[in-house]
Amino acid sequence: MATSIFLSFIFIVQLFNIFLTCNSLPKFSSILVFGDSLVDTGNNNFLPLSVLKANHYPYGESFPGGIATGRFSDGKLMSDFLAEALGLKQTVPPFTDPNLPQSELPTGVCFASAGSGYDDTTSETQVIPVTQQYQTHFKSYKQRLIGMVGELNAKNILQNSLVFSVAGSNDVALNYYANPAAIYFHGTMDEYQNALIDNIQTFIKSLYEDGCRNMAIAGLPPVCNPLDLGGLIGCLFNKGSDANVYNTKLQAMLTELQPTLPGSKLVYADIFTPMEELALNPFLHGIQYPIGPGCCGNGLFPRMGPTCDIYAPLCGNPSNHFFWDAVHPTQTVYRYMSDYLITNVLPQFN
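Position in the sequence shown (from 1) plus 104 gives the number in my numbering.
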């Protein structure tokens, strides 16, 4: 009983802080989302050859209407919560949806694709790498926006939009840690990190040339998932050190780059700290299962994507789990991460 009251008190305090923050948030015209499965709202649904899809049950069971939208979670993602906090829309639609209403364009869309990264060689599984998200889909979005509202209005929308990019985890976890020949193809981890940072810089400059000015670039999370033998806490302290080095490099690059792009605002979006807090103090935030196979699956056979299906063992309450499937967080975790960004990152654009 006492624990329940304490958790309720903590929740109320957090809501109050977020309410105060939301009243002082910057005003953006739209949100434009790039990245991987942490923010993919369903673009992979429309890639015929991709197996990295989450458009089936039990994905989306906590989403409004219980719909499996293609989000790799039981519910909403960070981008959805940010868009809602900014007063733009309740959810961010995937741009590749052939039935995307024109009315969605002025307030923002999602270009992210599960399985992608800043390194094109990471995305060789029929997904959309970040470079293609920009070169193909953002360019198409811009032309459609101009056709809808005119060139001057489109320019104003882009200048006042928020670019939110979350990628890099697949590059490090899949293209380096899980690649026996990584040292041969990519060099040392330090060298590979530098290459990724260079790619991000090119990405930012390209968006700037196309009219975007406000960009929140996320660093790496602890790059931990239930498949790591040490569990969440174990890899937090091991592989997390590589993530910290990468994040420090990213922050330095953003600081150095911003003065060279007049009128720009480049902000480091820290997603490591909120995940670290939840991992180290899970029970304080209502997470009863901080480690393990996730809500979908079990310890013998972790599930994700096509294997997280109607036949997979499913927990009774995903809201008290850290992981939804083998590698992706629950809506509870995404909400906490979003609250952190709303309180600590978005105000930096004022």
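Note that the Cβ used here is the ideal one computed from N, Cα and C, for glycine as well. For clarity, every value in this text was computed on a predicted model and none was experimentally measured.
Taking the Cα positions, G401 is about 22 angstroms away from N148. If you compare the alpha carbons of L365, T226, V267 and N257 with that of N283, the shortest gap goes to T226.
Linking M441 to D144 through their CA atoms gives a straight-line distance of about 16 angstroms. Rounded to the nearest angstrom, the gap between the Cα atoms of S269 and G139 is 5 angstroms. In this chain, the alpha helix (DSSP H) harbouring K243 covers K243 to V253. In the displayed model, P152 falls within coil according to three-state DSSP, outside both helix and strand.
The bridge partners DSSP lists for N318 are L266 and K369. Pairwise C-beta distances place the segment 412-423 in contact with the segment 155-169, as three or more of them are shorter than 8 angstroms. Sequence-distant Cβ neighbours of L181 in its own chain, meaning closer than 6 angstroms and more than five residues away, are V143, R175 and Y438. With a minimum length of 3 residues, the unbroken runs of beta strand (DSSP E) contained wholly in the segment 142-216 fall at 212-214. No alpha helix (DSSP H) of 4 residues or more sits fully in the segment 391-447.
Residue state for F138 is assigned as strand, using DSSP reduced to three classes. Collapsing the DSSP output to three states places P325 in coil.
Of the candidates V431, K369 and G390, the residue whose Cα lies closest to the Cα of N264 is K369. Assignment of V234 by DSSP, reduced to helix, strand and coil, places it in the helix class. V276 is a Cβ neighbour of L324, given a cutoff of 9 angstroms. Rounded to the nearest whole angstrom, the C-alpha separation of P366 and Y312 is 10 angstroms. Under the three-state reduction of DSSP, K353 is assigned to helix.
In the structure shown, the three-state DSSP call for I375 is coil.
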